[in-house]
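What follows is a set of notes on a single structure, which appears directly below.
In the working numbering, the protein residues as written are 1 to 383.
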């Protein structure tokens, strides 16, 4: 690569200046040492020395001027080269921009075609979404119908069982009303023994040996009656077995004359009021909904709620622990129609919470729900 004029080393000035000074010194020496008048040869020599000194003194300045001119030309040449390169780069950029414009035009054309086809795609997607929504609604309706049928069947079964139990209770009450009154449960009075005394009295006078044998069976029967009376009294479930004893077939009926003497005083019987018999009835009244607690399969503390609260309503829980607050409720996640869920993985102690509708109406039928960590509770709520 050749060096430009501005890159070459400049000519030093001091040799020329030294030569100029030397020539001027020679001319001055010649002029001072030779007496006047000077000869033409000396004049010519002095003039030559001065001319050469002037030429030597002017040479470095002339070379500097020429170097400056060359440097200016060199700078201009370099600026022209830079301008050429800039123009070339601009040309390349213009060509690239032209290519980009072509690509942009192609992309714009493709986008226009896609925009033309977009309504058809949107229509197809909307039809697909509507079909899926209709299928989901149909499936949900079928599930709801099944749930309603199962609920109706269970409720009708419960109503049938309750009707049967009520009818059975009414029949038991009617039986208790129609049953004879039970005797007073007291061991001090023994009406059975008094009633059986006429059976042991002899009808006609007998020998001394006969009363002993005749009275022995009656006394044995009286003792048996005394033993049977407490046994019968210990059976409150069948009060009709404690009725008055039937007269024996082989015992003679007392005559009208003897009746006032042997007739026992009738025991006072306490009639059983319906209030005393009411506790024996077992009617299954509908109980409040209970929570079904079980261990969560994934270890997450979870609350599942079954509640039909209408469209636009939501369920909230308030409580203590695991991010819950007693002042502001936390919304439950909607799972399906009539199914709501709340879960947390941060529970380290039993959670106590209450269920609210729209964070305003409390579910009083459930009250306070307690869930242990790592378990799930499923409840049914009514508002």
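We treat Cβ as the ideally placed atom computed from N, Cα and C, and that holds for glycine.
Tell me where the alpha helix (DSSP H) around residue i begins and ends.
| i | result |
| --- | --- |
| residue 128 | 40 to 178 |
Can you tell me whether DSSP reads residue i as helix, strand or coil?
| i | result |
| --- | --- |
| residue 321 | coil |
| residue 18 | helix |
| residue 314 | coil |
| residue 28 | helix |
| residue 355 | strand |
| residue 258 | Only weak support is given to the placement of residue 258: the predicted model assigns it a pLDDT of 42, under 50, and the value that follows is read from those uncertain coordinates. In the structure shown, residue 258 sits in coil (DSSP, three-state: anything other than H, G, I, E or B). |
| residue 280 | Caution applies to residue 280, whose pLDDT of 42 falls short of 50 and renders its modelled position unreliable; the value that the coordinates give is listed next. Here residue 280 sits in helix by DSSP. |
Out of curiosity, what's the CA-to-CA distance linking residue i and residue j?
| i | j | result |
| --- | --- | --- |
| residue 154 | residue 164 | 15 angstroms |
| residue 21 | residue 77 | 39 angstroms |
| residue 293 | residue 380 | 12 angstroms |
| residue 118 | residue 127 | 14 angstroms |
| residue 455 | residue 34 | This structure cannot settle anything about residue 455, because the visible part of the chain is limited to 1 through 383. |
| residue 348 | residue 328 | 21 angstroms |
| residue 136 | residue 96 | 55 angstroms |
| residue 29 | residue 59 | 24 angstroms |
| residue 326 | residue 365 | 19 angstroms |
| residue 282 | residue 151 | Residue placement at residue 282 cannot be trusted, given a pLDDT of 42 that sits under 50; the coordinates are not used to answer. |
| residue 103 | residue 112 | 14 angstroms |
| residue 372 | residue 156 | 35 angstroms |
| residue 376 | residue 141 | 27 angstroms |
| residue 144 | residue 138 | 10 angstroms |
| residue 80 | residue 92 | 18 angstroms |
| residue 114 | residue 353 | 55 angstroms |
| residue 168 | residue 174 | 10 angstroms |
| residue 178 | residue 172 | 10 angstroms |
Got a sec, what are the start and stop residues for the beta strand (DSSP E) residue i sits in?
| i | result |
| --- | --- |
| residue 292 | 292 to 295 |
| residue 301 | 301 to 306 |
| residue 343 | 339 to 344 |
| residue 370 | 369 to 371 |
| residue 375 | 375 to 380 |
| residue 336 | 333 to 336 |
Tell me, to the nearest whole angstrom, how far the beta carbon of residue i is from that of residue j; I am working on the premise that it is less than 8 angstroms.
| i | j | result |
| --- | --- | --- |
| residue 323 | residue 330 | 7 angstroms |
| residue 304 | residue 333 | Going by Cβ atoms, the distance from residue 304 to residue 333 rounds to 10 angstroms, so no, they are not a contact pair. |
| residue 306 | residue 339 | 6 angstroms |
| residue 23 | residue 49 | 4 angstroms |
| residue 11 | residue 63 | 5 angstroms |
| residue 363 | residue 351 | Between residue 351 and residue 363 the Cβ distance is about 16 angstroms, and since that is not below 8 angstroms, they are no contact. |
| residue 89 | residue 56 | No, residue 89 and residue 56 are not in contact; Cβ-Cβ is about 50 angstroms, not under 8 angstroms. |
For residue i, which of the options has the nearest alpha-carbon?
| i | options | result |
| --- | --- | --- |
| residue 368 | 319, 19, 360, 378 | 319 |
| residue 383 | 31, 327, 373, 308 | 308 |
| residue 298 | 374, 12, 169, 365 | 374 |
| residue 357 | 377, 311, 372 | 311 |
| residue 147 | 337, 363, 63, 345 | 337 |
| residue 42 | 107, 26, 55, 57 | 26 |
| residue 345 | 161, 143, 302 | 302 |
| residue 321 | 313, 370, 359, 82 | 370 |
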